[in-house]
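Heads up: the sequence shown is residues 0 to 270, going by numbering that gives the first Met the number 0. One structure is given below, encoded as structure tokens.
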Amino acid sequence: MELSRPARIALRCAAALGFAIIYIPLLLVLINSFNLDRTFGWPPSGLTLRWWGDAWHSSGARAALWTSVRAGLGATAIALGLGTLIAFAVQRYEFFGRESVSFLVVLPIALPGIVTGVALNTAFRTVLEPLGVGLGLFTVIVGHATFCVVVVFNNVVARLRRLSGSYEDAAADLGADTFQTFRDITFPLVRSALVAGGLLAFALSFDEIVVTTFTAGPGIQTLPVWIFSNMARPQQAPVVNVVAAVLVLMSVVPVYLAQRLSSDTAAGSRI
Numbered sequence: 000m001e002l003s004r005p006a007r008i009a010l011r012c013a014a015a016l017g018f019a020i021i022y023i024p025l026l027l028v029l030i031n032s033f034n035l036d037r038t039f040g041w042p043p044s045g046l047t048l049r050w051w052g053d054a055w056h057s058s059g060a061r062a063a064l065w066t067s068v069r070a071g072l073g074a075t076a077i078a079l080g081l082g083t084l085i086a087f088a089v090q091r092y093e094f095f096g097r098e099s100v101s102f103l104v105v106l107p108i109a110l111p112g113i114v115t116g117v118a119l120n121t122a123f124r125t126v127l128e129p130l131g132v133g134l135g136l137f138t139v140i141v142g143h144a145t146f147c148v149v150v151v152f153n154n155v156v157a158r159l160r161r162l163s164g165s166y167e168d169a170a171a172d173l174g175a176d177t178f179q180t181f182r183d184i185t186f187p188l189v190r191s192a193l194v195a196g197g198l199l200a201f202a203l204s205f206d207e208i209v210v211t212t213f214t215a216g217p218g219i220q221t222l223p224v225w226i227f228s229n230m231a232r233p234q235q236a237p238v239v240n241v242v243a244a245v246l247v248l249m250s251v252v253p254v255y256l257a258q259r260l261s262s263d264t265a266a267g268s269r270i
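In structure tokens, the structure reads:
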């Protein structure tokens, strides 16, 4: 479709405005992490690395970072296992209710976070607490896994749809058993989709705050929760900006790598 010059200019201006609304606030957070003024006067009266040093020595921030990493790794591991198995079942086999299973797997990411959080909190208190398992890191991991499964499932299903089942059939005809076929044929073909899904799942878990608030027990603080709880403390404001800047940078890397791995060009080069 050929667009007129005014239409192209209008679309470019709209795109630039949209990107500005999204990324200028993030840029301000990054600049303020170096702002010499504790009240973040604008423009900055000077630049300093003092707040970065304070953030590095903040025991609360470091503990929250480690909690976020553990929760993200745990949720990603569960998502990779369940998401991959469900994706193979839905894409490679015919069975009654297949479309319903696919819908139910994808549904959690479309639900409001507060609804998911309340539902999980009620379920954990009803089912786990009578068994002696209270809210804590385990329940945070399970809560994050409910929506992290979706990104792994979507990535693996998308890759399997582009792969013909003839590869596995040919391996079976040559005498390979199921494990050999998966190890030598299927896994190399879907490996980049698994890595991309895992990176996106980790990034999604690392940034989550709403579900975490409802599923974390006393003393469990992830980095986003730590940031939210310290925003109203004037003395912590510079450190909060530094931690927020680090959170942005740590989220960009896995999303960028996942985007590269899941691109059509990357997929085509491996098939």
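Cβ coordinates follow ideal geometry from the N, Cα and C atoms, glycine included. Values in this document were obtained by computation on a predicted structure and should not be read as measured data.
Checklist entry - Going by DSSP, what residues sit across from Ala46 in a beta bridge? => result Here residue 46 is Leu; the residue named in the question, Ala, does not match the sequence. In the DSSP output, where bridge partners are listed per residue, Leu46 has Asn34.
Next on the checklist: So within the stretch 93-140, which uninterrupted alpha helix (DSSP H) runs reach at least 4 residues, ignoring any that extend past its ends?
Outcome noted: 97-109 and 112-122
Checklist entry - Which of the three DSSP states, helix, strand or coil, is assigned to Gly331? => result With the chain represented from 0 up to 270, any question about residue 331 goes unanswered, as that position is not in the structure.
Checklist entry - In its own chain, which residues sit with a C-beta less than 7 Å from the C-beta of Ala195, not counting the 5 before and 5 after it? => result The answer, listed in chain order, is Asn154, Ala257, Leu260 and Ser261.
Item to check | Member of Asp206, Thr211 and Val117 whose CA lies at the smallest distance from the CA of Val254 | outcome: Val254 has its Cα closest to that of Asp206, out of Asp206, Thr211 and Val117.
Next on the checklist: Taking its Cβ as the centre, do 16 or more other Cβ atoms sit within 10 Å of Trp225, making it buried, or is it exposed?
Outcome noted: buried
Item to check | Distance, Ser58 Cα to Pro5 Cα | outcome: 55 Å
Checklist entry - At what residues does the alpha helix (DSSP H) containing Arg232 begin and finish? => result Here Arg232 belongs to no alpha helix (DSSP H), and DSSP marks it neither H nor E.
Checklist entry - Asp183 and Ala175 look like a contact to me (Cβ under 8 Å); what is the Cβ gap, rounded to whole Å? => result Beta-carbon to beta-carbon, Asp183 and Ala175 are separated by about 7 Å, close enough to satisfy the 8 Å threshold.
Item to check | Buried versus exposed, by CB contacts within 10 Å (16 or more), Pro187 | outcome: exposed
Item to check | Reduced DSSP secondary structure (H/G/I, E/B, other) of Asp172 | outcome: helix
Checklist entry - Alpha carbon to alpha carbon, how far is Gly135 from Arg124? => result 12 Å
Checklist entry - If we count Cβ pairs, one from each stretch, closer than 8 Å, do we get three or more for the stretch 68-87 versus the stretch 106-123? => result No: the two stretches stay apart, fewer than three of their Cβ pairs being nearer than 8 Å.
Checklist entry - Can you name the start and end residues of the alpha helix (DSSP H) that Ile208 belongs to? => result Counting along the chain, Ile208 falls outside any alpha helix (DSSP H), and DSSP gives it neither H nor E.
Next on the checklist: Tell me which residues share the same chain as Ala70 and place their Cβ nearer than 7 Å to its Cβ, disregarding the 5 neighbours each side in the sequence.
Outcome noted: Leu136, Val139, Ile140, His143, Ser204 and Thr221
Checklist entry - Ordered along the chain, which non-local residues of its own chain (more than five positions away) have a Cβ less than 7 Å from that of Arg160? => result Gln90
Item to check | Any 3 or more C-beta pairs closer than 8 Å across the stretch 20-39 and the stretch 237-255 | outcome: yes
Checklist entry - Between Pro43, Ser67, Phe201 and Leu130, which lies nearest to Ala76 when the distance is taken from Cα to Cα? => result Phe201
Item to check | Buried/exposed call for Ser3, threshold 16 Cβ in 10 Å | outcome: Residue environment analysis places Ser3 among the exposed positions, since fewer than 16 neighbouring C-beta atoms fall within 10 angstroms of its C-beta.
Item to check | Neighbour-count burial assignment, Leu16, 16 or more Cβ in a 10 Å radius | outcome: exposed
Checklist entry - Alpha carbon to alpha carbon, what distance is there between Leu84 and Phe178? => result 14 Å
Checklist entry - Can you tell which of Thr121, Val189 and Phe181 has its C-alpha closest to the C-alpha of Arg158? => result Val189
Item to check | Cys147 to Ala74 span [Cα, whole Å] | outcome: 7 Å
Checklist entry - Taking the C-alpha atoms as reference points, what is the distance between Ala265 and Leu26? => result Note on Ala265: pLDDT 45, under 50, position unreliable in the model; the coordinate value appears next. Approximately 30 Å, taken between the alpha carbons.
Checklist entry - Buried or exposed: which applies to Thr115, given that a residue is buried once 16 or more other Cβ atoms fall within 10 Å of its Cβ? => result Classification of Thr115: buried, given that the 10 Å Cβ count is 16 or more.
Item to check | Helix, strand or coil at Thr221 according to DSSP, with G and I counted as helix | outcome: Coil, per DSSP.
Checklist entry - Would the beta-carbon of Ala88 fall within 9 Å of that of Val151? => result no
Next on the checklist: Could you tell me the alpha carbon to alpha carbon distance between Ser44 and Ala63, rounded to whole angstroms?
Outcome noted: 31 Å
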